[in-house]
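**Q** Input: one structure, supplied below.
Chains as they are written, first to last, in the numbering used here: chain W, 17 to 150; chain U, 17 to 150.
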């Protein structure tokens, strides 16, 4: 059911420093920052040859990243995203297995403009898992 | 400098349950468990089309994963691994930038039989980063 690893998302306390580190020290391809007011984050995509790293930084008052950074002041891996072909079929299969889907259970449009869902970390080895329909 | 994302490593409290979930519920290609006594872990690789997930479970008395699972009883993402062409050149460039290399600073042979190094999470946005020479 799951396909490619679409990205690994890393919440960072200092976006400019993280961008400089990935671009200058690690020599990676770093895109321009992108504000996502609907998601409460500023996102920077880093293109690796086979997948992406997504740097996340809080945007606005109620950013879902703010609490994570309070608990993890140095930053940390926030979630991983797997691609699926049919997000509703994937959701129903996961729910039937007992996994909890976060929020309303209806897909939202993610930072890539595609339908996404998040799964409860407690049901996935402590990892917040995003599914993205591609 | 960094190339492909070689794998995302997830420490799990119940290896059989995690294997069953990835194989049966998520429908992924899961390999047989592999004991790595030198690293104090049992490893299960999951082959995604573009990268791998590495499930980690403690092996033996002094497993480096045991403490992580005590702090994170549900499990969690333990590290991410980037590929590099020349691990000594990568290490020297990172050290020159002020990043700390864990252990002796000399590469060890990792679970794939290739030279690896780990970088200090505090220097990389709270993420434990492994470099693997390919």
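Beta carbons: idealized from backbone N, C-alpha and C, even for Gly.
List, in order along the chain, the chain W residues whose C-beta lies closer than 8 angstroms to that of residue 143 (chain U)?
**A** Neighbours of residue 143 (chain U) on chain W, chain order: 26, 91, 92, 93.
**Q** Just mark residue 106 (chain U) as buried or exposed, buried being the case when its beta carbon has 16 or more other beta carbons within 10 Å.
**A** So residue 106 (chain U) ends up on the buried side.
**Q** Answer with yes or no whether the minimum CB distance from residue 32 (chain U) to chain W is below 8 angstroms.
**A** Not closer than 8 angstroms to any Cβ of chain W, the Cβ of residue 32 (chain U) fails to qualify, so no.
**Q** For residue 141 (chain W), count neighbouring Cβ atoms within 10 angstroms of its own Cβ and tell me buried if that reaches 16, exposed if not.
**A** Buried, because 16 or more other Cβ atoms sit within 10 Å of the Cβ of residue 141 (chain W).
**Q** Are any of the Cβ atoms in chain U nearer than 8 angstroms to that of residue 66 (chain W)?
**A** Yes, contact with chain U.
**Q** Just to check, is the beta-carbon of residue 136 (chain U) closer than 7 angstroms to a non-hydrogen atom of the ligand ATP?
**A** Only the bare structure without any ligand can be found here, which leaves the ligand ATP out of the picture.
**Q** Using a C-beta cutoff of 8 angstroms, does residue 131 (chain W) count as contacting chain U?
**A** Chain U contact via Cβ: absent.
**Q** Taking C-alpha atoms, which residue in W:122, W:124, W:33, W:118 lies nearest to residue 135 (chain W)?
**A** The option with the nearest alpha carbon to residue 135 (chain W) is W:118.
**Q** Measuring CA to CA, which of U:149, U:35, U:55, U:19 is closest to residue 44 (chain W)?
**A** Of U:149, U:35, U:55, U:19, the residue nearest in Cα terms is U:19.
**Q** Residue 81 (chain U) CB to nearest chain W CB: under 8 angstroms?
**A** No, because no Cβ of chain W sits closer than 8 angstroms to the Cβ of residue 81 (chain U).
**Q** Report back the beta-carbon spacing between residue 35 (chain W) and residue 21 (chain U) to the nearest angstrom; my notes put them in contact at under 8 angstroms.
**A** Rounded, the Cβ-Cβ distance is 18 angstroms, inconsistent with contact.
**Q** Report the three-state DSSP secondary structure of residue 137 (chain U) (helix, strand or coil).
**A** DSSP places residue 137 (chain U) in helix when its eight states are reduced to three.
**Q** For residue 62 (chain U), is the classification buried or exposed, using 16 other Cβ atoms within 10 angstroms of its Cβ as the cut-off for buried?
**A** With 16 or more Cβ atoms within 10 Å of its Cβ, residue 62 (chain U) is classed as buried.
**Q** Answer with buried or exposed for residue 37 (chain U), where buried requires no fewer than 16 other C-beta atoms within 10 angstroms of its C-beta.
**A** With 16 or more other Cβ atoms within 10 Å, it is buried.
**Q** Starting from residue 150 (chain U), trace the alpha helix (DSSP H) both ways and give me its first and last residue.
**A** No alpha helix (DSSP H) holds residue 150 (chain U); DSSP gives it neither H nor E.
**Q** How would you list, in chain order, the residues of chain U whose beta-carbon sits under 7 angstroms from the beta-carbon of residue 113 (chain W)?
**A** Near residue 113 (chain W) (Cβ distances below 7 angstroms), the residues of chain U are 41.
**Q** Taking 8 angstroms as the cut-off, decide whether the C-beta atoms of residue 73 (chain U) and residue 145 (chain U) are in contact.
**A** No, these two residues do not count as a Cβ contact at 8 angstroms.
**Q** Could you give the first and the last residue of the continuous alpha helix (DSSP H) run that contains residue 81 (chain U)?
**A** Residues 80-87.
**Q** If you reduce the DSSP assignment to three classes, tell me which class residue 124 (chain U) lands in.
**A** In this structure, residue 124 (chain U) counts as strand in the three-state DSSP scheme.
**Q** From the DSSP output, read off the bridge partner residues of residue 92 (chain W).
**A** Answer is W:27, bridged to residue 92 (chain W).
**Q** Mark residue 150 (chain W) as exposed unless 16 or more other C-beta atoms lie within 10 angstroms of its C-beta, in which case mark it buried.
**A** Per the 10 Å Cβ criterion, exposed.
**Q** What is the DSSP secondary structure of residue 68 (chain U), counted as helix, strand or coil?
**A** DSSP places residue 68 (chain U) in strand when its eight states are reduced to three.
**Q** Tell me where the alpha helix (DSSP H) around residue 102 (chain U) begins and ends.
**A** Taken as a continuous stretch (DSSP letters only), residue 102 (chain U) belongs to no alpha helix (DSSP H), as it is neither H nor E.
**Q** When you compare only the Cα positions, how much space is there between residue 95 (chain W) and residue 28 (chain W)?
**A** Cα to Cα, residue 95 (chain W) sits roughly 13 angstroms from residue 28 (chain W).
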